[in-house]
Ligand code: BDR
Ligand code: CA
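Residue numbers (the working numbering): 50 to 360.
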């Protein structure tokens, strides 16, 4: 039976690729997509989520709008990376499928209560506001979560939005704190791993060579954010962050990491959103996350390309 997942997301071109891979896979059953404010405001992320579903003729996927701001801080967005719409690059038509009327947080809560315990996985590709709000609203859901796989944080790579913090955790550190201290099974795809998952002209060309619409759109998205990231990091290509979450579900052997304790800085202005990773177990605090630090990049890009080819 296919693994049931909810994708919580702030699309974002890399979120979009992650969603496409999940929709292409027979091994995954996307029971809903929940949008959150992050890369751009919620009014755009929910529209983008619907555009992505329609791109691959999946208007049957239910899209829910969630929190329009972080729990305790003003929203910080990333138009400088993703463009004004969050999904700049190829032009996609405005969606015609409707947005679900239920709030994303209520959808997450209801789904976890309705499904068998430990049968539903949460894939988090943006700030953790929706998931933390759901945990706050209905703590009974926590032991029912099979696992949370999230893109966020950094250890040896440090920050991409401040010197100390990665974007998703920085935007809502209080939400991240709730998720990491919840006791749910958490797997983290930090910058340490996503900075190994770099696009290149050959990898972008491989998407284009597929010859379907999804392949050319993915190639255009990757070319769009590559311009910004290559200049910023001085890397050859740009990190394709969020599909790591879906790739981990499909092929965990592509990744390696270790169980560690992770705490979130929520007080210091200087290091707000810093993921304090006890990599060498110096504190003896209980491990609360599987922190990934290695990916087999060629196989990762092959897996994504093969899935996009199915669309
Ligand atoms: C994360 O921030 C967003 O800009 C990307 O979509 C990704 O989820 C990387 O720091
Ligand atoms: Ca994202």
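Here a beta-carbon is modelled for each residue, glycine too, at the ideal position from N, C-alpha and C.
In this text, all values refer to a predicted model and were calculated from it rather than measured experimentally.
Could you tell me which residues DSSP puts in a beta bridge with residue i?
i, result
"residue 113", "83"
"residue 102", "Partner(s): none; residue 102 has no beta bridge."
"residue 340", "237, 307"
"residue 53", "78, 169"
"residue 288", "247"
"residue 199", "173, 237"
"residue 242", "Answer is none; residue 242 lacks a bridge partner."
"residue 194", "169"
Quick one: does the C-beta of residue i sit closer than 6 angstroms to a heavy atom of ligand 1?
i, result
"residue 113", "no"
"residue 127", "yes"
"residue 216", "yes"
"residue 177", "no"
"residue 345", "no"
"residue 221", "no"
"residue 64", "yes"
"residue 88", "yes"
Compare the beta carbon distance of residue i and residue j with 7 angstroms and say whether it is the shorter of the two.
i, j, result
"residue 95", "residue 114", "yes"
"residue 85", "residue 143", "no"
"residue 200", "residue 240", "no"
"residue 170", "residue 196", "yes"
"residue 248", "residue 280", "no"
"residue 191", "residue 233", "yes"
"residue 204", "residue 125", "no"
"residue 361", "residue 336", "The structure shown does not extend to residue 361, since the chain is modelled only from 50 through 360, so no value can be given for it."
"residue 179", "residue 83", "yes"
"residue 54", "residue 77", "yes"
"residue 107", "residue 72", "yes"
"residue 342", "residue 235", "no"
"residue 289", "residue 338", "no"
May I ask whether a heavy atom of ligand 2 can be found less than 6 angstroms away from the beta carbon of residue i?
i, result
"residue 199", "no"
"residue 289", "no"
"residue 135", "no"
"residue 91", "no"
"residue 174", "yes"
"residue 155", "no"
Here's the rule: buried if 16 or more other CB atoms are within 10 angstroms of the residue's CB, otherwise exposed. What is residue i?
i, result
"residue 329", "exposed"
"residue 162", "exposed"
"residue 221", "buried"
"residue 323", "buried"
"residue 275", "buried"
"residue 75", "exposed"
"residue 100", "buried"
"residue 87", "buried"
"residue 166", "exposed"
"residue 314", "buried"
"residue 278", "buried"
"residue 254", "exposed"
"residue 160", "buried"
"residue 154", "buried"
"residue 63", "buried"
"residue 209", "buried"
"residue 250", "exposed"
Among the options, whose alpha-carbon lies nearest the alpha-carbon of residue i?
i, options, result
"residue 16", "202, 81, 120", "Nothing about residue 16 can be read from this structure; the chain reaches only from 50 to 360."
"residue 320", "275, 202, 193", "202"
"residue 273", "75, 52, 131", "131"
"residue 296", "238, 117, 360", "238"
"residue 188", "198, 335, 339, 227", "227"
"residue 216", "291, 269, 172, 232", "291"
"residue 152", "88, 112, 105, 100", "112"
"residue 104", "351, 253, 263, 313", "263"
"residue 122", "326, 218, 254", "218"
"residue 317", "359, 213, 269", "213"
"residue 311", "340, 285, 106, 209", "340"
"residue 137", "261, 93, 193, 355", "93"
"residue 346", "313, 124, 305, 332", "305"
"residue 184", "301, 231, 278, 252", "231"
"residue 3", "289, 259, 194, 166", "Past the boundaries of the shown model lies residue 3; the chain is included only from 50 to 360, so the question cannot be answered."
"residue 259", "146, 127, 351, 165", "351"
"residue 357", "293, 271, 256", "256"
"residue 266", "50, 65, 60", "65"
"residue 52", "119, 164, 211", "164"
"residue 146", "98, 211, 91, 283", "98"
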